[in-house]
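> Residue numbers (my numbering): 20 to 176.
We treat Cβ as the ideally placed atom computed from N, Cα and C, and that holds for glycine.
On a predicted model such as this, the values are computed, not experimentally measured, just so you know.
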Amino acid sequence: MLSFLTLSLLYVSLIIGSHPTIAAIYPVVKEYSGPNFFDDWDFFDDYDSTTSGDEIYLGAQATSDAKLAFVDSQTNHAFLKVDNTTTVVFDNKRNSVKITTKDSFNMGSVWVADIFHVPFGCSVWPAMWSWAPIVNTSWPAGGEIDTLEGFNQAAFS
């Protein structure tokens, strides 16, 4: 569950020659922020069997209706959260949010995330990660890079 998240993806340009490597300009190639934060994300809308967790991910409209994914109109902060108000009986699943970008980015891209708050607590697993697409293969065969991952009672990642 990531609360305020502004994600800017930067393309890294390096000047390579007979001189030491010098970092050049880092132009922003994509920014996810403000009122349009969720426009370029796909919402996973099902139970995720890869985690064996006790959540069910809701689609875009359902998460908006339940106030699990929204942009605060006063602060422009994007919020992603798990349903923490419903009593879930044993063996049922808790509503949550899982989003993936509609875009993909080349090797050499740099991620910059400004995260206002990442919660922790029992059964909370905030994460931001990427994976390599492999033809005719899906995760986890291509591996993953965990940019941020916390779990359960861990106060820091």
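Here's the rule I'm using: 16 or more other beta-carbon atoms within 10 Å means buried, otherwise exposed. How should F23 be labelled?
Residue confidence for F23 is low, a pLDDT of 32 falling below 50, so the modelled location carries little weight; the figure read from the coordinates is stated next. Classification of F23: buried, given that the 10 Å Cβ count is 16 or more.
> Which residue from G162, T120, D133 and A160 puts its Cα closest to that of H96?
It is D133 whose Cα lies nearest to the Cα of H96.
> Could you check where the beta strand (DSSP E) with D84 kicks off and where it finishes?
D84 -> not in any beta strand (DSSP E); alpha helix (DSSP H) instead, spanning A79 to D84.
> For L87, list the residues DSSP reports as bridge partners.
According to DSSP, L87 bridges with nothing at all.
> Given that a residue counts as buried once 16 or more other Cβ atoms are within 10 Å of its Cβ, and exposed if not, what is G36?
Note on G36: pLDDT 38, under 50, position unreliable in the model; no value is reported.
> Quick test of your reading: T82 and A88, contact by CB under 8 Å. State the CB separation rounded to the nearest angstrom.
With a Cβ gap of about 4 Å, T82 and A88 count as contacting.
> Please say whether D64 and K121 have beta carbons closer to each other than 8 Å?
Not in contact: K121 and D64 (Cβ atoms no closer than 8 Å).
> Out of curiosity, what's the CA-to-CA distance linking V101 and R113?
Going from the Cα of V101 to the Cα of R113 covers about 8 Å.
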